[in-house]
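Residue numbers (this note's numbering): 27 to 454. Following: one structure in structure tokens, then a few remarks.
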Amino acid sequence: MEKAKLTYNGMTHEMPVLVGTEGEKGIDISKLRQVMNLITLDVGYQNTGSCTSSITFIDGDLGILRYRGIPIEELAENGSFSEVAYLLIYGNLPNKAEQQLFSQRLTQNSMIHEEMMRFFDGFPPTAHPMAILATMVNSMSVYYTDYFTEDFQADTFDLMAASLISRIRTIAAYSYKHSIGHPHVYPKRDLKYASNFLYMMFDSPVNPYVPDPDIERALSILLILHADHEQNCSTSTVRLVGSSMANLYASICAGICALWGPLHGGANQKVIEMLDEINKKNLSIKNCIDSAKDKNSKFRLFGFGHRVYKNYDPRAKILKQYCETIFKKYYYDDPLLAIAMELEEAALKDSFFIERKLYPNVDFYSGILYRMIGIPTNMFTVMFAIGRLPGMIAQWKEMHDSVPHKIGRPRQIYTGSNLRHYVPLDER
Ligand code: ACO
């Protein structure tokens, strides 16, 4: 095994260099504090691995993304969302019997407790759907208590995983119906995952939902592309919260909250708002690029840049091509697609973006496709959460099963006052 040496204050510490299956290397510093009384500081964890994982592989320089070894392009082309969910959680694509059992579990867990319906009435009509989603997912902890025990068993995990994957789409669709003042639509047992969601979103007594295989496929592809992305902000949150042995629902709720931020999953909503503003105000592309580069301006080009990808995000590549194909097929015209392409072209030619290796990320084109499907803009991040859920669950399970189990607890370098003493109020 290769070793790395650290010399400090006359002492030398040798640390093992771990090599991943794709050749990635990492120095194992786990004995550093014990031996040298030193910690490492890495704000934003730009160089820090928090775990070993066999779920998702990304090569950010080459623009590669694989789930359990299978390229994202193959899964998007051929897979269904439920089989990708199974692949992520259980490690392999399901055989027919496994697929049938998994689908059955999803169907049996698709309705939400009727008492939970009252929660929707408590939210103001302006409530952001991400706030509703996080609250409802956390409240599953009190309605589906028989699904988890202190003595955690594999079959209870299977039920919780299916319960979350299936019910999150019901919750999302009900929150939309509630926001527009329509009665909710119960899930249908004979519909596949994406179709069932669209049915619950768009069916109504006066306007029955008419299934469209292309639209249903578009949604499946979107969900598959979002299904996992190794140790990103929200997934790391799920692992960290879960490391305290918090239950799966509570851990996922925390991950959903982390996903909401505009630098992360919330970027898809911001992208469409940005493109919409350019369109409505007829802003020039050059001005947008200039503002994104201006350090005094708070404006960023949303949907651009990524901590890991220093090449084209493979998910954005698939989505861009898919938008072009499906738009042509439907003679659908969205001025925002043309603006997005113009913006991308201008940014990719600009030295600021070239030097910093800033490319479109998954959020740049996903919103345009969600718009075509009919999903309202404030629900885009909810769609991301539905897609990301299997990955979060898989990562939580991997963390939970790891031996030895360690609670996540980073260190810090304290920079506050040295010892000082309490001063009574009238002496201050
Ligand atoms: N627009 C303008 N400049 C940018 C952008 C952007 N979208 N992204 C990065 N930069 C610049 C930064 O200003 C910085 O410049 P500097 O070196 O002169 O200071 C440099 O590129 C590096 O950027 P960081 O913010 O340090 O990179 P980091 O890895 O920390 O952040 C992030 C990555 C958060 C994704 C960032 O690129 C960003 O804010 N993008 C816009 C929001 C977005 O699209 N988020 C979705 C990411 S994908 C996902 O989570 C699903």
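Beta carbons are placed, not taken as given, at the ideal position from N, Cα and C, and that holds for glycine.
When the Cα atoms are used, what is the spatial distance from residue i to residue j?
{"i": "residue 350", "j": "residue 394", "result": "11 Å"}
{"i": "residue 120", "j": "residue 105", "result": "11 Å"}
{"i": "residue 116", "j": "residue 54", "result": "27 Å"}
{"i": "residue 166", "j": "residue 419", "result": "15 Å"}
{"i": "residue 101", "j": "residue 171", "result": "34 Å"}
{"i": "residue 99", "j": "residue 445", "result": "58 Å"}
{"i": "residue 292", "j": "residue 392", "result": "12 Å"}
{"i": "residue 374", "j": "residue 362", "result": "18 Å"}
{"i": "residue 261", "j": "residue 234", "result": "37 Å"}
{"i": "residue 245", "j": "residue 402", "result": "14 Å"}
{"i": "residue 60", "j": "residue 78", "result": "21 Å"}
{"i": "residue 296", "j": "residue 337", "result": "22 Å"}
{"i": "residue 388", "j": "residue 345", "result": "8 Å"}
{"i": "residue 277", "j": "residue 263", "result": "8 Å"}
{"i": "residue 86", "j": "residue 334", "result": "5 Å"}
{"i": "residue 272", "j": "residue 210", "result": "31 Å"}
{"i": "residue 142", "j": "residue 408", "result": "19 Å"}
When every heavy atom of the ligand ACO is checked, does at least one fall within less than 7 Å of the C-beta of residue i?
{"i": "residue 289", "result": "yes"}
{"i": "residue 389", "result": "yes"}
{"i": "residue 446", "result": "no"}
{"i": "residue 233", "result": "no"}
{"i": "residue 293", "result": "yes"}
{"i": "residue 187", "result": "no"}
{"i": "residue 105", "result": "no"}
{"i": "residue 8", "result": "Nothing about residue 8 can be read from this structure; the chain reaches only from 27 to 454."}
{"i": "residue 322", "result": "no"}
{"i": "residue 305", "result": "no"}
{"i": "residue 411", "result": "no"}
{"i": "residue 332", "result": "yes"}
{"i": "residue 23", "result": "Residue 23 is absent from the structure shown; the chain starts at 27 and stops at 454."}
{"i": "residue 86", "result": "no"}
{"i": "residue 73", "result": "no"}
{"i": "residue 198", "result": "no"}
{"i": "residue 70", "result": "yes"}
Hey, residue i and residue j: beta-carbon distance below 8 Å or not?
{"i": "residue 149", "j": "residue 200", "result": "no"}
{"i": "residue 390", "j": "residue 330", "result": "yes"}
{"i": "residue 253", "j": "residue 114", "result": "yes"}
{"i": "residue 405", "j": "residue 97", "result": "no"}
{"i": "residue 416", "j": "residue 110", "result": "yes"}
{"i": "residue 136", "j": "residue 196", "result": "yes"}
{"i": "residue 202", "j": "residue 214", "result": "no"}
{"i": "residue 160", "j": "residue 282", "result": "yes"}
{"i": "residue 386", "j": "residue 370", "result": "yes"}
{"i": "residue 256", "j": "residue 412", "result": "no"}
Between which two residues does the alpha helix (DSSP H) carrying residue i extend?
{"i": "residue 171", "result": "Premise fails: residue 171 is in no alpha helix (DSSP H) and is neither H nor E."}
{"i": "residue 295", "result": "293-306"}
{"i": "residue 189", "result": "180-205"}
{"i": "residue 256", "result": "No alpha helix (DSSP H) contains residue 256, which DSSP labels as neither H nor E."}
{"i": "residue 252", "result": "239-252"}
{"i": "residue 285", "result": "274-285"}
{"i": "residue 228", "result": "219-228"}
{"i": "residue 146", "result": "143-148"}
{"i": "residue 319", "result": "311-319"}
With respect to the beta strand (DSSP E) encompassing residue i, which residues constitute its N-terminal and C-terminal limits?
{"i": "residue 213", "result": "From DSSP, residue 213 is part of no beta strand (DSSP E); its letter is neither H nor E."}
{"i": "residue 53", "result": "51-53"}
{"i": "residue 448", "result": "Premise fails: residue 448 is in no beta strand (DSSP E) and is neither H nor E."}
{"i": "residue 457", "result": "Outside the displayed span of the chain (27 to 454) sits residue 457, for which this structure offers no information."}
{"i": "residue 32", "result": "29-34"}
Pick out the complete alpha helix (DSSP H) segments inside the stretch 340-415, 4 residues or longer, and give them in chain order. Taking only runs of at least 4 residues, the alpha helix (DSSP H) segments lying wholly in the stretch 340-415 are 340-356, 361-375, 377-381, 388-399.
Considering only residues of the stretch 59-91, which uninterrupted beta strand (DSSP E) runs meet the minimum length of 3 residues and lie entirely inside it, listed in chain order? With a minimum length of 3 residues, the continuous beta strand (DSSP E) runs that stay inside the stretch 59-91 are 82-85.
Complete beta strand (DSSP E) runs within the stretch 91-133 (minimum length 3 residues, chain order): Here no run is fully enclosed.
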